[in-house]
Structures are given as C-alpha cells and as structure tokens.
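Colleague:
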Amino acid sequence: MKLYGGGKIITGLIIFFFLVTFPFFLNIGKVNAKPEPKIDTPEIQKLAEKKCIEPKAFMRAEHMKLLNDWRDFAVRNGQRLYVNSEEKQFTISLQNTCMHCHSNKKKFCDECHNYMAVKPYCWSCHIAPKEKES
Amino acid sequence: MGSIFAFFAVIALVLIAFVGVSAGNMQYLFGVVIPYAAMIIFITGFIFRVLKWGSSPVPFCIPTTCGQQKSLPWIKQNKIDNPSTTIGVVVRMALEVLLFRSLFRNLKTQLSEGQRIVYGEAKWLWLAGLAFHWSFLIILVRHLRFFIQKVPVPIQMIEGLDSFLQIGAPLLYITDVVILSAVTYLFLRRVFMPQVRYISLPADYFPLFLILGIAATGVLMRYFFKVNVTGVKELAMGLVSFINPDAKLLEGIGVIFYIHLFLISIFFAYFPFSKLMHMGGVFMSPTRNMVNNSRMKRHINPWNYPVKVHTYDEYEDDFREKMKGAGIPVERE
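Chains as they are written, first to last, in my numbering: chain W, 13 to 146; chain F, -12 to 320.
1. Return the residue from the list F:I67, F:A(-7), F:V1 and F:L0 that minimises the CA-CA distance to V278 of chain F.
2. Tell whether a beta-carbon distance below 7 Å holds between V219 of chain F and F134 of chain F.
3. Does Y16 of chain W come within less than 7 Å of chain F when only Cβ atoms are used?
4. Run through the DSSP bridge pairs and tell me what L237 of chain F is partnered with.
5. Cα separation between Q136 of chain F and V19 of chain F?
6. What residues are listed by DSSP as bridge partners for R103 of chain F?
7. Counting only runs of 4+ residues fully inside the stretch 143 to 177 of chain F, write out the alpha helix (DSSP H) ranges in chain order.
8. How many Å lie between T103 of chain W and A156 of chain F at the Cα?
9. When you compare only the Cα positions, how much space is there between F193 of chain F and A140 of chain W?
10. I166 of chain F and A202 of chain F: beta carbons closer than 7 Å?
11. On a Cα-Cα basis, can you pick out the residue from F:S187, F:Y245 and F:F211 that is closest to L16 of chain F?
12. In the structure shown, what three-state DSSP assignment does V138 of chain F receive?
13. Can you tell which of F:F196, F:C53 and F:I243 has its C-alpha closest to the C-alpha of S9 of chain F?
14. If we count the other Cβ atoms within 10 Å of its Cβ and call it buried at 16 or more, is Y299 of chain F buried or exposed?
15. Helix, strand or coil: which one does DSSP assign to Y94 of chain W?
16. Mind checking whether G(-11) of chain F and P189 of chain F have CB atoms under 7 Å apart?
17. Under 9 Å between beta-carbons, which chain W residues line up against Q136 of chain F? List them in chain order, please.
18. Just verifying my parser: in three-state terms, what is the DSSP assignment at E221 of chain F?
19. If we define contact as Cβ-Cβ less than 7 Å, is I27 of chain W a contact residue for chain F?
20. Determine the DSSP secondary structure at F102 of chain W, reduced to helix, strand or coil.
21. Please decide whether M76 of chain W counts as near chain F, where near means a Cβ-Cβ distance under 7 Å.
22. Taking CB distances under 7 Å as the criterion, tell me whether I21 of chain W reaches chain F.
23. Could you tell me the distance, in whole angstroms, from the CA atom of F91 of chain F to the CA atom of W113 of chain F?
24. Would you call P146 of chain F buried or exposed, if buried means 16 or more other Cβ atoms sit within 10 Å of its Cβ?
25. Assuming N44 of chain W contacts G239 of chain F under a Cβ cut-off of 8 Å, what Cβ separation, rounded to an integer in Å, is found between them?
26. Would the beta-carbon of A169 of chain F fall within 7 Å of that of F119 of chain F?
27. Measuring only the C-alpha atoms, how far is W135 of chain W from C121 of chain W?
28. What does N80 of chain W reach in chain F if we use C-beta pairs closer than 7 Å?
29. Using three-state DSSP, classify L188 of chain F as helix, strand or coil.
30. For L250 of chain F, count the other beta carbons within 10 Å of its own beta carbon; 16 or more makes it buried, fewer makes it exposed. Which is it?
31. Using a Cβ-Cβ distance under 7 Å, would C64 of chain W count as near chain F?
32. Does the beta-carbon of L78 of chain W have 16 or more other beta-carbons within 10 angstroms, so that it is buried, or is it exposed?
33. Is P60 of chain F close to chain W, meaning its C-beta is less than 7 Å from at least one C-beta of that chain?
34. Using a Cβ-Cβ cut-off of 7 Å, state whether Q14 of chain F counts as contacting chain W.
35. Measuring only the C-alpha atoms, how far is Q97 of chain F from V183 of chain F?
36. Taking a Cβ distance cut-off of 9 Å, strictly less, list which residues of the stretch 17 to 48 of chain F are near chain W, in chain order.
The structure is reproduced here in structure tokens:
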C-alpha cells in the first residue's frame, strides 16, 4: 500500500492515537486511591442510633439536592424547620445541623468531592469548620 | 422509513443493556469487555480507514476556492479562500474545522412565484451543527475527570464555565441543554424539510438517535436517577490502568450507567464504519487541504503510467551519421 502525503497522514494518526489513549499512559501502573469518607467524629460517636436525617442511600445520592432545597427554604422562605421521612424534625442549617455531626469536612465532604473534582459552592458563603490537621 | 428503523435500533440497544445488566447480571460484559472491544475497534478501524483514504492518489489539483486566485501583483489575492501557501491552507482548514465556514455559506434555493429562482440565507444548519459539535467536544473533555486521578486545572475550568449558571444541584451544564436541543433540531430538520427527508438514510438517523440516547441517559443519570458516581470513577480509572474491577464495585453502580456506557461503546465501535468518520475525513478532503498553486507548480498525477518516450536528442544520437550522410541538418555535431 502506497501512501500519498504519507508524512502528514502518519503524523496526524500518531496525534490521534495519543489523544485517544493518553488516559492509559497517564494511569498505567499507578495505584488508584479510592475515596473513603469518614464518619467517626465525636458527635457521631455520641449518637445512640447512628442515623443521618434521611436514609443513607438517599443521602448519598441526593444530599446536594437536599442542601440546595434547604438553602432555598432557609434563605429565601425563612423556613427553618425540616420534617424528614420519619416525621422527625430538624433545624435547617448547614453549619448547625449538618456540620454539627459531620465536623470533619476534609475527611467527609472533601474526600469524594476532590476525587470527583466537584466544587460545591457552599463555602463561598458559609464558614468552613476549623479542623485540626491530623 | 429510515428514521423509524434507526429509532428502534437504538431502543433495542438500550433494552439489550438494560436486560443484560438488570436481569442477566452481566455487569462485567457491559462494563469492561464491551468498552475495551469498542475502544480497539475504534482505534484500529479509524487508522485503517485513514490509511485506506491516504492510499488513493489525488490526480488533479482540485481545491474548491471561493476567492481571487494569486495572479498578477496588482490583483488582490484572497489568501484564505484561495490559498497559495501552506499557511493559507492551515488557516482555511482551521476555520473550516473549528467554525464550519463552508457551511456558513449554505444557501437555500427557491422558486419565487413559480418562475424566478431566489437564493436565501440558510444559517440554522450551521448554527445547530456548530452548537452540537462544540457541546459534544466540551462534554467529552469534561468526562476526563473520570479518567485522571488529579483533575487538571484546565478541565476543572471548562467544567466551571459549563456550570456557571449555578442552576440546581448538581449544577446544570449548559452543554447538556445545548446538545439535546441541537440534536433534536438536526433530527427535526431531516423530518420536516422534504428535500432533506428525501435524501436521509437510516445511516443518517442512527447516529442522531444514538447521540440523543447517549446525551439523554447522561442527563438522566446526572440529574434524576443517581448512580454511585465515585464507583463510576473507580471503574473508569480501573479501565485505563488495566485493573480488573471487583464484582461488588460493578454491582454497586446503577443500571442506567451501563446503558449509557453501552451506547457509547456502540458509538465508538460504529464510528470507523460510518459517516462519523468525517472527523478524520475533514482533514483528508483534497478540495480543502490542497494549495491552489496550479499556475506556479505543475501537479503531476501520481496515477500517470510511466510512458516510455524517445526524445529527438536520442533519435539524433541513433541516426546522426546517417542524417549527415543524407545531408539532413543536425542540432549537435
């Protein structure tokens, strides 16, 4: 097979090949650290029943939606009371309710958010909890 | 009806993945085997297709030009639309690939009052095509966050820009809205314009529905039926570092992810055999990538058979003495 304009075509194909496969070259042979969010804060240890305001599966999938709704309830409607699926009441507050138990932002929130390169804009208004470097 | 065939083909693909994963528990097949196979088919198929094109000679100097050719010094040349240098060709190609400049010139031809031919502007195809392709590219680049451990800043910036309207949570991506509307327009255009419908084949509708399916499952997965997204990244990172995922990880990701991944696998496996190859083909079209220098350089047809010629000089060498003897003048003594 004779190639016409072979130099340009081969160069183009090499560029194509590396563009398509570069994630392989970046990652091969590296250990992939997976995120392990921690819930071993003093407040959670104190709880008799270690339960978040909603079931774990719901919180894992929908926490961002819940927080977004809470923001709207509290900031826009002035509504500070949340009734969960078990009819229990909670104060709508990121800093006083969520972060009261989950005081370990770095080991809880950031663990997955950094892994997925997600940057929630919670902390552009709220004050992030002070944590001791561990 | 090509569109109905293509539509049900995509529906069938969705069902195959759905049944295979939810009833057949074939996460490994749909999450590992098929993606790898699709990747191999895509890369080798793409390379072979390009090499096959590259092995056809270009017999004539045939750039399609839309401006004044390089001519006498006092006639102004259009250096981009009628390039006589490589730089001109590069600029022209870049404008073509990045902005679809030739499509921008698209015209619609109509008979006015049944008699007079009238040309009007037709820019919607260009706009929808550009919106679709750019969204697709941005979405593709954005997905690199699943394949790189420490996501580089430029990719984070693209994602930040894409979601900067800060609508809802997870943040709405602008490209998600744009790609769905643009592909929908490109489909409706084929259905509602009689001339376009007439020339549309199943091979035109199938990629449209496939891309629509990919975008729709992606949107559903992000905003509605949530999947274990860290699990998705673990699987993706495993795929690009050749680490076998364990069964628990594979089972922990929702079905809709496998449908999304299966449609993408089909997309890439189908790519080298279809019109989607215009991605490589745009760089290989002689009407775009040639320099229009036919007045300066002779373009020799590589197909030309090597004709054996006998020049006058050689003829004279053969018969010089005899010519002299017969009194015929010779050029060289």
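Idealized CB from N, CA, C, for every residue including glycine.
Modeller: This is what the structure holds:
1. One-based indexing of the second sequence puts residue 278 of chain F at position 291. If we check each option's Cα against that of V278 of chain F, F:I67 comes out closest.
2. Locating residue 219 of chain F in the second sequence gives position 232, counting from the first residue. Locating residue 134 of chain F in the second sequence gives position 147, counting from the first residue. No, they are not a contact pair.
3. Position 4 of the first sequence, counting from 1, holds the residue named residue 16 of chain W. Chain F, which has a Cβ nearer than 7 Å to the Cβ of Y16 of chain W, makes this yes.
4. Taking the first residue of the second sequence as position 1, residue 237 of chain F is located at position 250. None, per the DSSP bridge assignment.
5. The residue you call residue 136 of chain F lines up with position 149 of the second sequence. The residue you call residue 19 of chain F lines up with position 32 of the second sequence. Computed Cα separation, rounded: 19 Å.
6. As a working note, residue 103 of chain F is residue 116 in the second sequence. By DSSP's assignment, R103 of chain F forms a beta bridge with F:S99.
7. none
8. Position 91 of the first sequence, counted from the first residue, corresponds to residue 103 of chain W. Position 169 of the second sequence, counted from the first residue, corresponds to residue 156 of chain F. Their backbone Cα atoms lie some 21 Å apart in a straight line.
9. Here residue 193 of chain F refers to the residue found at position 206 of the second sequence. Here residue 140 of chain W refers to the residue found at position 128 of the first sequence. Cα to Cα, the separation comes out at about 49 Å.
10. Taking the first residue of the second sequence as 1, we reach residue 166 of chain F at position 179. Taking the first residue of the second sequence as 1, we reach residue 202 of chain F at position 215. Yes, the pair counts as a contact, with Cβ atoms nearer than the cut-off.
11. In the second sequence, residue 16 of chain F corresponds to position 29, counting from 1. Measuring from the Cα of L16 of chain F, the nearest candidate turns out to be F:Y245.
12. On the second sequence, position 151 is the one that residue 138 of chain F refers to. It is coil, neither helix nor strand.
13. Along the second sequence, one-based indexing puts residue 9 of chain F at 22. Nearest option by C-alpha distance: F:I243.
14. Here residue 299 of chain F refers to the residue found at position 312 when the second sequence is read from its first residue. The Cβ neighbour count for Y299 of chain F, taken over all protein chains shown within 10 Å, is under 16; the residue is labelled exposed.
15. Along the first sequence, read from residue 1 onward, the residue named residue 94 of chain W stands at position 82. Y94 of chain W: strand per DSSP, three-state reduction.
16. The count along the second sequence starts at 1 and reaches residue -11 of chain F at position 2. The count along the second sequence starts at 1 and reaches residue 189 of chain F at position 202. Taking 7 Å as the Cβ cut-off, G(-11) of chain F and P189 of chain F qualify as a contacting pair.
17. The residue you call residue 136 of chain F lines up with position 149 of the second sequence. Chain-order list of chain W residues neighbouring Q136 of chain F: L38, N39, K42, N44, A45 and Y127, by C-beta distance under 9 Å.
18. Numbered from its first residue, the second sequence carries residue 221 of chain F at position 234. Correct three-state label for E221 of chain F: helix.
19. Start at 1 with the first residue of the first sequence, and residue 27 of chain W comes out as number 15. Answer no: the Cβ-Cβ gap between I27 of chain W and chain F never drops below 7 Å.
20. If you number the first sequence from 1, residue 102 of chain W lands on position 90. Here F102 of chain W sits in strand by DSSP.
21. Here residue 76 of chain W corresponds to residue number 64 of the first sequence, with the count starting at 1. Yes, its Cβ sits closer than 7 Å to a Cβ of chain F.
22. Position 9 of the first sequence, counted from the first residue, corresponds to residue 21 of chain W. Closer than 7 Å to some Cβ of chain F, the Cβ of I21 of chain W qualifies, so yes.
23. Numbered from its first residue, the second sequence carries residue 91 of chain F at position 104. Numbered from its first residue, the second sequence carries residue 113 of chain F at position 126. Take the alpha-carbon of F91 of chain F and the one of W113 of chain F: they are about 6 Å apart.
24. Residue 146 of chain F sits at position 159 when you count from the first residue of the second sequence. Note on residue identity: the sequence assigns Glu, not Pro, to residue 146 of chain F. By the 10 Å Cβ count, E146 of chain F comes out buried.
25. Working through the first sequence from its first residue, we reach residue 44 of chain W at position 32. Working through the second sequence from its first residue, we reach residue 239 of chain F at position 252. That belief does not hold up - the Cβ atoms of N44 of chain W and G239 of chain F are roughly 16 Å apart, past 8 Å.
26. Your numbering for residue 169 of chain F matches position 182 in the second sequence. Your numbering for residue 119 of chain F matches position 132 in the second sequence. Closer than 7 Å, so yes.
27. Counting from one through the first sequence, the residue named residue 135 of chain W turns up at place 123. Counting from one through the first sequence, the residue named residue 121 of chain W turns up at place 109. W135 of chain W and C121 of chain W: Cα-Cα distance of roughly 11 Å.
28. As a first step, residue 80 of chain W must be located in the first sequence, where it is residue number 68. Here the neighbours are G155 and A156.
29. As a position in the second sequence, residue 188 of chain F is number 201, starting the count at 1. Coil at L188 of chain F, not helix or strand.
30. Position 263 of the second sequence, counting from 1, holds the residue named residue 250 of chain F. Buried, because 16 or more other Cβ atoms sit within 10 Å of the Cβ of L250 of chain F.
31. Here residue 64 of chain W is taken as the residue at index 52 of the first sequence, counted from 1. At least 7 Å separates the CB of C64 of chain W from every CB of chain F.
32. Stepping through the first sequence from its first residue, residue 78 of chain W is reached at position 66. Under this definition L78 of chain W is a buried residue.
33. To locate residue 60 of chain F, count along the second sequence from 1; it is residue 73. No, P60 of chain F does not count as interfacial toward chain W.
34. Position 27 of the second sequence, counted from the first residue, corresponds to residue 14 of chain F. It does not: the Cβ of Q14 of chain F has no partner Cβ on chain W nearer than 7 Å.
35. Here residue 97 of chain F refers to the residue found at position 110 when the second sequence is read from its first residue. Here residue 183 of chain F refers to the residue found at position 196 when the second sequence is read from its first residue. Distance between the alpha carbons of Q97 of chain F and V183 of chain F: 14 Å.
36. Within the stretch 17 to 48 of chain F, those residues whose Cβ lies closer than 9 Å to any Cβ of chain W are, in chain order, M26, F29, I30, F33, I34, V37, L38, K39, W40, G41, S42, S43, P44 and V45.
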